[in-house]
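First comes the structure, then the notes that go with it.
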Amino acid sequence: MKILVCVTSVPDTTAKISFTDGDTKFNKAGVTYITGPYDDYALSRAVELKEQHGGTVTVLNVGEADAEPVIRKCLAIGADDAIRVNCEATDSYFVATQIANIAAQEKYDLILMGRESIDFNSGVVHGLVAELLGIPSLSPVMKLDIEGSTAKITREIEGGKENLEASLPLVLGCQEPIAEWKIPNMRGIMTARTKPLKVIEPVGEGLTSTDKYELPAPKGACKMILAENAEELITLLKTEAKVL
Amino acid sequence: MSVIIFTELDNGAIKKSSLEAVFYGAELAKLQGTTATVLAIGESSEAELAKAGNFGATKVLHANDARLAVSNIQAYASVLTEAVNADGADTVILAKSSLGDAVAARVAAKLKASIVSNVTALPNLSNGFVVTRSIYTGKAFASVLMKSDKKIIAIKKNAVSPVETDALAKVEVFSPALSDADFGVKLVATHKASSTISLPEADLVVSAGRGLKGPENWGIVEDLANALGAATACSKPVSDLDWRPHHEHVGQTGIKVSPNLYIAAGISGAIQHLAGVNSSKVIVVINKDPEAPFFKAADYGIVGDVFDILPRLTKAVLAAK
Chain A
1 MKILVCVTSV
11 PDTTAKISFT
21 DGDTKFNKAG
31 VTYITGPYDD
41 YALSRAVELK
51 EQHGGTVTVL
61 NVGEADAEPV
71 IRKCLAIGAD
81 DAIRVNCEAT
91 DSYFVATQIA
101 NIAAQEKYDL
111 ILMGRESIDF
121 NSGVVHGLVA
131 ELLGIPSLSP
141 VMKLDIEGST
151 AKITREIEGG
161 KENLEASLPL
171 VLGCQEPIAE
181 WKIPNMRGIM
191 TARTKPLKVI
201 EPVGEGLTST
211 DKYELPAPKG
221 ACKMILAENA
231 EELITLLKTE
241 AKVL
Chain B
1 MSVIIFTELD
11 NGAIKKSSLE
21 AVFYGAELAK
31 LQGTTATVLA
41 IGESSEAELA
51 KAGNFGATKV
61 LHANDARLAV
71 SNIQAYASVL
81 TEAVNADGAD
91 TVILAKSSLG
101 DAVAARVAAK
111 LKASIVSNVT
121 ALPNLSNGFV
131 VTRSIYTGKA
141 FASVLMKSDK
151 KIIAIKKNAV
161 SPVETDALAK
171 VEVFSPALSD
181 ADFGVKLVAT
191 HKASSTISLP
201 EADLVVSAGR
211 GLKGPENWGI
221 VEDLANALGA
231 ATACSKPVSD
241 LDWRPHHEHV
251 GQTGIKVSPN
261 LYIAAGISGA
271 IQHLAGVNSS
281 KVIVVINKDP
291 EAPFFKAADY
301 GIVGDVFDIL
311 PRLTKAVLAA
321 K
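Residue numbers (this note's numbering), protein chains in the order written: chain A, 1 to 244; chain B, 1 to 321.
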């Protein structure tokens, strides 16, 4: 089985978000970058499926050169090779075009990625890629098993989940608990250094541009209510906050 | 150049989140000097669908083929694309959801449309078409210029505050051509919690964390939620421990909510949890630890024992009714 896993390099979930250059650029100073947490689930499941069924796992990142530590970590976890499309990933359509362009040539059985990137949170790239390739996509996938050429999938929906079956090839957006996150071991880290990482240039252009960023207005002070007067909260929510 | 709104039905009625999208679409249509058309797919009645007019739509296209009774991402995307073409629409509006996002993505690819998700306000049309979206899981906002002729906007809950009128929309039957190729994914079973309020749609949410000590204690959380008419939610550790199902887990890697009121009981407020709730209008935190970081993000706080406070709040809510 030939699997493509698309990964993002994103600020750590505890990173302080700020902007520079007159609020036109994300401030990378002091920020640690990690593999997108949802992408990590996708990669872990891909490595498990390779162990069960054989085949290859290729990691794909649409991003700049500073994403390479994240790509090497993915190789250390068990991917066989990697591709980086050398550009800034800001527009969903543009990112999807890069992925579909590669997938159209390579004919993967499965294209896995996180349900969304945790920087821009759009959650639409898997759907875009699938439509560009003319195959189905499902997200967020919590469980994935492959039997022959059929995928058995559990997808989360509002207030529950659904079980689905579909023939490969498929594009899937993944989330927990599809697999346990894998931690690279020493042998993985050593071999990752020499695994192939191909850098290619992007095609086409984006349909949107992000011109300005801003932070939310700071929250006012928290109004404390004494435990013995807890009931007063309900009155305040009605008369002051006007949310009841 | 109309505005088309993709809506979702729940037992024949247009979902509340979709009605918000209808209002957003109608307001945008006004700004552009055009009209708003609703697409509704699945079983419903003319009387029910005409109510989209209350939120500003002039027309409803109703696609009610038996094969569309169960939601199907690819087929719905084809139907929406046909509706866009039939109506001559330039802009598609929808509410973010597990179905809506998936349909919108495919339609964007079909139409080569720019797509922006998590939009929090009406566009600014003074210099191109610029929308504001939430990014970094609610920790920041971005202004995005949409450059293509066709545009798709997925709105976040509370992007607009709908004002209802008595106007009714004209309902037309819409019969798109369906392709077998769109029915390749087979739905085997659906497991859905019955009779509970949908968490992403809820205006009021009561959420609890490890401070509740065990799943057997959730009764006091549910009692308060029932008294308020609120949905219940939980923190990640609670879902990881299997005290509550994953679809109730709110946070960075779970559901993101933006209700009018979020009550957090026995949740300390890790940054990853805050990321899922920071766009709530009002946050109430109840925790026995006065140093809990959640108080810094709260509007109202009570330092106290959740086992004492929650039942008293339930009583106070019921007494005030």
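Ideal Cβ placement from N, Cα and C applies to all residues, glycine included.
Remember, predicted model here, so these are calculated numbers, not experimental data.
Query: Got a sec: is the Cβ-Cβ distance from A/K219 to anything in chain B below 8 Å?; Result: yes
Query: Can you tell me which of the three DSSP states A/L215 falls into?; Result: coil
Query: In terms of DSSP beta bridges, what is A/M186 paired with?; Result: Answer is none; A/M186 lacks a bridge partner.
Query: My parser needs the alpha helix (DSSP H) runs of 4 or more residues fully inside the stretch 237-287 of chain B; what are they?; Result: 271-277
Query: Should B/T338 be flagged as near chain A, meaning a C-beta pair shorter than 8 Å?; Result: Since the first residue shown for chain B is 1 and the last is 321, residue 338 of chain B is missing from the structure and cannot be characterised.
Query: Taking the DSSP output, what are the residues bridged to B/D10?; Result: B/A13
Query: For chain A, find out if any of its Cβ atoms is closer than 8 Å to the Cβ of B/Y136; answer yes or no.; Result: yes
Query: In angstroms, rounded to a whole number, what distance separates the CA positions of A/V243 and B/H247?; Result: 24 Å
Query: In whole angstroms, give me the CA-to-CA distance for B/H62 and B/E27.; Result: 21 Å
Query: At the level of alpha carbons, what is the spacing between B/V173 and B/N64?; Result: 8 Å
Query: For the stretch 29-67 of chain A, which segments carrying the alpha helix (DSSP H) assignment without a break, of at least 4 residues, lie completely within its bounds, in sequence order?; Result: 37-53
Query: Can you pull the chain A residues whose beta carbon is under 7 Å from the beta carbon of B/T196, in chain order?; Result: G159
Query: With 8 Å set as the bound, which would you pick, yes or no: does the beta-carbon of B/L68 sit closer than that to a beta-carbon of chain A?; Result: no
Query: State the DSSP-derived secondary structure class of A/K198, mapped to helix, strand or coil.; Result: strand
Query: Could you check what DSSP says for A/C87 in three-state terms: helix, strand or coil?; Result: coil
Query: Give the range of the beta strand (DSSP E) segment to which B/T141 is assigned.; Result: The amino acid at residue 141 of chain B is misidentified as Thr; the sequence shows Phe. Residues A140 to M146.
Query: Spatial neighbours of B/L94 within its chain, please: C-beta separation below 6 Å, excluding the five flanking residues on both sides.; Result: F6, A21, G100, A104 and A154
Query: Return helix, strand or coil for B/L39, following the three-state DSSP convention.; Result: strand
Query: Does DSSP classify B/K315 as helix, strand or coil?; Result: helix
Query: Compute the Euclidean distance between the alpha carbons of B/V282 and B/V70, then round it to the nearest angstrom.; Result: 36 Å
Query: Helix, strand or coil for A/C6 per DSSP?; Result: strand
Query: Within 10 Å of its beta-carbon, does A/W181 have 16 or more other beta-carbons around it, so buried, or fewer, so exposed?; Result: exposed
Query: Per DSSP, A/N163 is paired with what?; Result: A/T154 and B/A189
Query: Given that B/R312 touches chain A, what residues does it touch there, using C-beta distances under 7 Å?; Result: A230 and E231
Query: What residue does the alpha helix (DSSP H) around B/Y76 start on, and which one ends it?; Result: I73 to D87
Query: Run through the stretch 85-146 of chain A for me and flag every whole beta strand (DSSP E) of 3 or more residues, listed as ranges in chain order.; Result: 110-114
Query: Check whether chain A comes within 8 Å of B/I93, counting only Cβ atoms and requiring the distance to be less than that.; Result: no
Query: For A/I234, go through chain B and note every residue whose CB falls closer than 8 Å to its CB, in chain order.; Result: L313, A316, V317 and A320
Query: Strictly by DSSP, which residues pair up with B/Y300?; Result: A/K223 and B/V284
Query: Of all Cβ atoms in chain A, is any one closer than 8 Å to the Cβ of B/P200?; Result: yes
Query: Give the residues of chain B in contact with A/G123, contact being defined as C-beta atoms less than 7 Å apart.; Result: D101 and S117
Query: With a 10 Å radius around its C-beta and 16 neighbouring C-beta atoms as the bar for buried, classify A/S149 as buried or exposed.; Result: exposed
Query: What does A/N101 touch in chain B if you count any residue whose Cβ is under 8 Å from its own?; Result: Ordered by position in chain B, no residue passes the 8 Å Cβ test against A/N101, which lies about 13 Å from the chain.
Query: For B/V160, would you say it is in contact with chain A, using Cβ-to-Cβ distances shorter than 8 Å as the test?; Result: no
Query: Indicate whether A/E165 and B/V188 have their beta-carbon atoms separated by less than 8 Å.; Result: yes
Query: Assuming A/S268 and A/Y33 are in contact, meaning their beta carbons sit under 8 Å apart, how far apart are those beta carbons, in whole angstroms?; Result: Since the first residue of chain A shown is 1 and the last is 244, residue 268 of chain A is not available in this structure.
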